[in-house]
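This is the structure in structure tokens:
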């Protein structure tokens, strides 16, 4: 029986000392050490983060052999697939090889197929052999093993939908799950960037939670997205605007909400300087939820102060309890969601 | 009687169109226009933002006449004192000259002395004459006028404490006010950067709200700050650590809380990469409140996901209802706070 490791994986940090595995330069990927609160995974494939894969591909001049050699070099040097230039990782798909005895109450058994929902940039990894490189989808098939720590989150891959569909939805699972938690019956909700992958899922969840007495207004930039959102009943109203023009968003959004300020706004706009467009339309004591990674902390903090808005601004956390279940349930419930995801995101 | 302007001041934006006054290059500082929801202020002095004043002083080679000329040039060109290099503003002190008729229910009368709590970077300003430049404290005395919009926040300067003391406290008024709102009786609270200006105020409020059944733990870097916090009963416990070393903070903080994770953590650490030290010690469903402007949005969002922490992370909003009253009340109540502020921040 192995000894117990740190819940966050700190026992595998080699250098520098005192940091967590994501910030570490090098971590211990010795798969023969059996800590009692780790999960050993037989890896099937790595989904390399897009910016990382693009960098490696360009450095290798597109040559698959060189791409493979670079990946092997990084993983053998660092003990994890964290691109030293971009700092980013990706995720992996694999099968449970061994479940530490402290985790025996998990709903997992040897052989279960999972996707990790924590980054490769913090995941101990050992590659025995690269078996295929799929340059067009940033995917690398390997033989090898990886470790999930006690705190590491993952999803069992469902057998009632394609792997590609499940992965596309799980990629943004935090957003609909947070929406489901934040939105109350009867709320008015503004979703910025409503036509994108996370935006559509947020609208879907907001409609469910706000109910018929609520009012879900989407903002998008194209007439095509507007049509899609309205036809499928993903929003009560959809406005066309540009999140970098806060006054235009404000005017159109209020008009779509009987002139009233919103209870909740959700930012899924992946461009910079969208902060004020999310803050202005919300009422005092309302909630502004930033899911977009393009959000600037200082612009949000100083922006709300500058207009005297006492709103609660929340940093979108990619993890929320039951986020996998909530997101896959939405995909299962809605044929329209499945059709859109299959057409656009696979 | 004047017409009604936009609540956020958009009616005074000259260029570019569609943005708010802070993002605008040039705004309208015509003081003869009387909008019914504006406040006209006779300005006494400008407290120029420190990075802005340093830039101007350096460009002027320290020459006061050139500093004055540069300030006049900026204000006449842009209609506001927003340094085009740093983008920053500052705040002003003045007396109410005229209160628009739509704001007659405000607790203000002509002649009241106020400090603006919105930035000079969004405040219409006209300077008739610069009467003194105090280079050592980034302060410029002027004759001139400014406009506060309907959404613009301000504080009436109290007559029971020095102007300098009131301004030092109001500078960070959002932090103790948010603390007062977040912390519940019996909560365990971790304050990082507890020895600084906002940190001390947060500890003071957290002790009041958590009460004797709560546990307020401060983290600071110097033995001197630790002593000060404990002697004055601003914390139950104080640990010495470095916010860039999350595992050290985690270990010491949990030890100071009977091994339990915290209900709330508050970041007042003004250095980068303190996000994980704030996130790790907090329990699932707990609250992480980032007041530090050095916070990085992506590091917070991805960091919590990487360790599977379902915590609510809040962007510190400089404005909260009653933040002036809450902060000045703390200064009035506590002789120890007054002594520390008078010694260190004036």
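Residue numbers (my numbering), protein chains in the order written: chain A, 58 to 403; chain B, 58 to 403. Cβ atoms here follow ideal geometry from the backbone N, Cα and C, with glycine treated the same way.
Chain A within 7 Å of residue i, Cβ atoms only
i: residue 352 (chain B); result: yes
i: residue 219 (chain B); result: no
i: residue 85 (chain B); result: no
i: residue 404 (chain B); result: Absent from the model: residue 404 (chain B). The displayed extent of chain B is 58 to 403, so no value can be given.
i: residue 92 (chain B); result: no
i: residue 402 (chain B); result: no
i: residue 346 (chain B); result: no
i: residue 67 (chain B); result: yes
Span separating the alpha-carbon of residue i from that of residue j
i: residue 162 (chain B); j: residue 95 (chain B); result: 13 Å
i: residue 324 (chain B); j: residue 236 (chain B); result: 11 Å
i: residue 71 (chain B); j: residue 79 (chain B); result: 12 Å
i: residue 244 (chain B); j: residue 125 (chain A); result: 52 Å
i: residue 230 (chain A); j: residue 212 (chain B); result: 43 Å
i: residue 357 (chain A); j: residue 123 (chain B); result: 35 Å
i: residue 135 (chain A); j: residue 84 (chain B); result: 53 Å
i: residue 385 (chain A); j: residue 159 (chain A); result: 28 Å
i: residue 222 (chain B); j: residue 191 (chain B); result: 18 Å
i: residue 232 (chain B); j: residue 335 (chain B); result: 15 Å
i: residue 310 (chain B); j: residue 339 (chain B); result: 10 Å
i: residue 73 (chain A); j: residue 165 (chain A); result: 33 Å
i: residue 374 (chain A); j: residue 214 (chain A); result: 22 Å
i: residue 68 (chain A); j: residue 60 (chain A); result: 11 Å
i: residue 398 (chain A); j: residue 379 (chain A); result: 21 Å
i: residue 113 (chain B); j: residue 188 (chain B); result: 18 Å
Interface flag, residue i vs chain B, CB-CB below 7 Å
i: residue 202 (chain A); result: no
i: residue 150 (chain A); result: no
i: residue 139 (chain A); result: no
i: residue 376 (chain A); result: yes
i: residue 75 (chain A); result: yes
i: residue 355 (chain A); result: yes
i: residue 240 (chain A); result: no
i: residue 88 (chain A); result: no
i: residue 367 (chain A); result: yes
i: residue 210 (chain A); result: yes
i: residue 179 (chain A); result: yes
i: residue 304 (chain A); result: yes
i: residue 372 (chain A); result: yes
i: residue 349 (chain A); result: no
i: residue 229 (chain A); result: no
i: residue 60 (chain A); result: no
i: residue 112 (chain A); result: no
Among the options, the one whose alpha carbon lies nearest that of residue i
i: residue 66 (chain A); options: A:152, A:151, A:203; result: A:203
i: residue 239 (chain A); options: A:370, A:84, A:309, A:75; result: A:370
i: residue 220 (chain B); options: B:187, B:151, B:165, B:308; result: B:151
i: residue 183 (chain A); options: A:121, A:129, A:279; result: A:129
i: residue 360 (chain B); options: A:179, A:262, A:319; result: A:179
i: residue 131 (chain B); options: B:333, B:246, B:181, B:261; result: B:181
i: residue 186 (chain B); options: B:174, B:176, B:199, B:280; result: B:199
i: residue 228 (chain A); options: A:256, A:207, A:208, A:242; result: A:256
i: residue 103 (chain B); options: B:280, B:340, B:137, B:149; result: B:149
i: residue 87 (chain B); options: B:299, B:172, B:201; result: B:201
i: residue 306 (chain B); options: A:62, A:75, A:264; result: A:75
i: residue 366 (chain B); options: B:218, B:120, B:332, B:383; result: B:332
i: residue 81 (chain A); options: A:292, A:215, A:140, A:167; result: A:140
i: residue 254 (chain A); options: A:396, A:77, A:169; result: A:396
i: residue 273 (chain A); options: A:279, A:403, A:294; result: A:294
i: residue 317 (chain A); options: A:341, A:327, A:302, A:326; result: A:341
i: residue 157 (chain A); options: A:206, A:172, A:171, A:197; result: A:206
One or two residues paired with residue i in a DSSP bridge
i: residue 238 (chain B); result: Looking at the DSSP assignment, residue 238 (chain B) forms no beta bridge with any residue, so it has no partner.
i: residue 403 (chain A); result: Answer is none; residue 403 (chain A) lacks a bridge partner.
i: residue 323 (chain B); result: B:248, B:346
i: residue 369 (chain B); result: B:344
i: residue 274 (chain A); result: A:247, A:294
i: residue 200 (chain A); result: A:186
Distance between beta carbons of residue j and residue i, contact taken as under 8 Å
i: residue 99 (chain B); j: residue 154 (chain B); result: 5 Å
i: residue 283 (chain B); j: residue 304 (chain B); result: Incorrect: roughly 20 Å between the Cβ atoms, too far for contact.
i: residue 345 (chain A); j: residue 322 (chain A); result: 5 Å
i: residue 145 (chain A); j: residue 193 (chain A); result: Actually they are not in contact, since the Cβ atoms of residue 145 (chain A) and residue 193 (chain A) sit about 19 Å apart, beyond 8 Å.
i: residue 319 (chain B); j: residue 372 (chain A); result: So it is not a contact: roughly 18 Å between Cβ atoms.
i: residue 364 (chain A); j: residue 337 (chain A); result: 7 Å
i: residue 208 (chain A); j: residue 312 (chain A); result: So it is not a contact: roughly 45 Å between Cβ atoms.
Beta carbon proximity, residue i to chain C, threshold 7 Å
i: residue 361 (chain A); result: The structure shown has no chain C; the protein chains it does contain are A and B.
Contact test: residue i Cβ vs the ligand ADP heavy atom, cutoff 6 Å
i: residue 240 (chain B); result: This structure lacks the ligand ADP, and indeed carries no ligand of any kind.
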